[in-house]
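Residue numbers (my numbering): 2 to 480. Where a beta carbon is used, it is the ideal one built from N, C-alpha and C, also for glycine.
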Ligand SMILES: [Zn+2]
């Protein structure tokens, strides 16, 4: 890049694309830093990919990230918010304080080799079917690029990386949010592996998870069934009630359940049953309304079966509060970076994945998607980033780490996330995140505009984590 300055001095830059010298020295520096780190970042991503540790078990993965941050000169605090695998890495002082989120947990049972046909690396082991190996590393790489500039006196303020565990199951960010760990941030960023390259300005679904247990009276199923009261009858009436209720719900509502206990043997009237229920809606209010309705259905089912019932809240997520001002800044940087280019081998790999998953043969798309309208009721999933987005304006990015139409949370995402398709998406995301952070440090007016939009969207809502009292459910025991 220094090279460019000489060209400019010599007046020889006219043949260069105009945009090359428009981004400024700090953005050039973060791009160089990401390039410099790229080998290490890819190595760390592959290590975390191979470890494939699931929610709250990510000891090795968290250590890789926290150690790298420490080596780079960050102040690292491990085991935050009562989570052994949660950590915070910070550098610099004063405002602005810019946060960036990193995830690193895998999903159980989807171990996979880096090949376009299904074959586990280790039978029954976990796999990074949501690409969090890249998510955690990419975010940290961009934080390091910013740290270098703060250290060199080119930018002033604080950069803070959040190592957020257990996104897939226990929602680690909720415990950090409840502990007030996002409260002093000016702006926060995150990205997520995807099959498209775009500034993400869509919301997500709010959800609540809860357990319903029914307790009755055991008896011989043939000998004296009149002495029994079946907990499974209660459970069946409950799910029947839910399924009748569906017709009268808004199209934005989703209800899923997982029957966890339905008796042990056929010749005993079961005295215990247990079901995990998840209610979602595009807005928290609608979700909470349906939650109350479903709780009433449980009560009715218990009355009909003449059994006792108990409802235990597990946790809940807020829908993402989008920020278009921040999204537009991210989009401009994506436009500058341009598309991700793929080799013939990578394109073949993508087609292989699509063949193996019966997806349309559309290949892989590294082009920058247009800056989209924010939809009122987006479909899709939920994320604990939603909770952060009600505490601090959140700028979000999606970058392709898998071909178009790849079934998510599947072996196919695992396969791509451990090879060059995933690596390229991650490095590209790292650059876009770092460039957008440069905008935030250099332009207090942009931060103000982002915060003004946040205030307007948030209104007078007061954030409260949807969590029962007590510490996070850290698994104990020896396996
Ligand atoms: Zn994910």
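Query: Residues near residue 246 in its chain [Cβ-Cβ closer than 7 Å; skip 5 each side]; Result: 294, 298
Query: Three-way DSSP call (helix, strand, coil) for residue 460 in this model; Result: coil
Query: Cβ-based burial, residue 469 [other Cβ within 10 Å; buried from 16]; Result: exposed
Query: Range of the contiguous beta strand (DSSP E) that encloses residue 215; Result: 207 to 216
Query: According to DSSP, residues forming a beta bridge with residue 317; Result: 209, 467
Query: Own chain residues within Cβ distance below 7 Å of residue 375, not counting five before or after; Result: 202, 203, 323, 325
Query: Nearest candidate by alpha-carbon position, reference residue 516, set 198, 110, 89; Result: The displayed coordinates of the chain run from 2 to 480. Any statement about residue 516 would go beyond what the structure contains.
Query: Pairwise C-alpha distance: residue 415 and residue 48; Result: 13 Å
Query: Sub-8 Å separation of residue 520 and residue 327 beta-carbons; Result: Absent from the structure is residue 520, since the part of the chain shown begins at 2 and ends at 480.
Query: Cβ neighbours of residue 190 in the same chain (closer than 6 Å, five flanking residues each side left out); Result: 101, 396, 434
Query: With 16 other Cβ atoms within 10 Å as the buried cut-off, status of residue 113; Result: buried
Query: Assigned secondary structure, residue 131 (DSSP; H/G/I helix, E/B strand, else coil); Result: coil
Query: CA nearest to the CA of residue 442, picked from 343, 221, 178, 95; Result: 95
Query: Burial state of residue 18, where buried means 16 or more other Cβ atoms lie within 10 Å; Result: The predicted model places residue 18 with a pLDDT of 46, which falls under 50 and marks its position as unreliable; any figure quoted below should be read in that light. By the 10 Å Cβ count, residue 18 comes out exposed.
Query: Same chain only: Cβ atoms within 7 Å of residue 305, ignoring 5 sequence neighbours per side; Result: 238
Query: Residue 421 versus 350, 75, 471, residue with shortest Cα-Cα distance; Result: 350
Query: Spatial distance of residue 278 from residue 346 (CA atoms); Result: 43 Å
Query: Touch test, the stretch 157 to 175 against the stretch 75 to 91, Cβ-Cβ under 8 Å, three pairs minimum; Result: yes
Query: Backbone CA spacing between residue 121 and residue 378 [nearest angstrom]; Result: 37 Å
Query: Reference residue 308, options 274, 151, 39, 262, closest by Cα; Result: 274
Query: Every unbroken beta strand (DSSP E) inside the stretch 195 to 265 [3 residues or more]; Result: 199 to 201, 207 to 216, 255 to 263
Query: 7 Å CB neighbourhood of residue 370 in its chain, flanking five on each side removed; Result: 197, 198, 199
Query: 8 Å Cβ cutoff met for residue 400 and residue 426; Result: yes
Query: Enclosing beta strand (DSSP E) for residue 102 [first to last residue]; Result: 98 to 103
Query: Cβ neighbour criterion (16 or more within 10 Å) applied to residue 272; Result: buried
Query: Closest Cα partner of residue 255 within the set 289, 363, 316; Result: 289
Query: Any non-hydrogen atom of ligand 1 within 7 Å of residue 417 CB; Result: no
Query: Closest Cα partner of residue 319 within the set 205, 230, 53, 98; Result: 205
Query: Span separating the alpha-carbon of residue 210 from that of residue 27; Result: 44 Å
Query: Chain C contact for residue 222 (CB, 8 Å cutoff); Result: You won't find chain C in this structure, because it holds only one protein chain.
Query: Alpha-carbon spacing of residue 55 relative to residue 228, whole angstroms; Result: 44 Å
Query: Residue nearest to residue 460 in terms of C-alpha spacing, selected from 466, 391, 53, 432; Result: 391
Query: Minimum length 3: unbroken beta strand (DSSP E) runs contained in the stretch 327 to 402; Result: 395 to 401
Query: C-alpha gap between residue 176 and residue 445, whole angstroms; Result: 30 Å
Query: Proximal residues to residue 64 (C-beta, below 6 Å), its chain only, five neighbours per side dropped; Result: none
Query: Boundaries of the alpha helix (DSSP H) in which residue 414 is found, first to last residue; Result: 412 to 418
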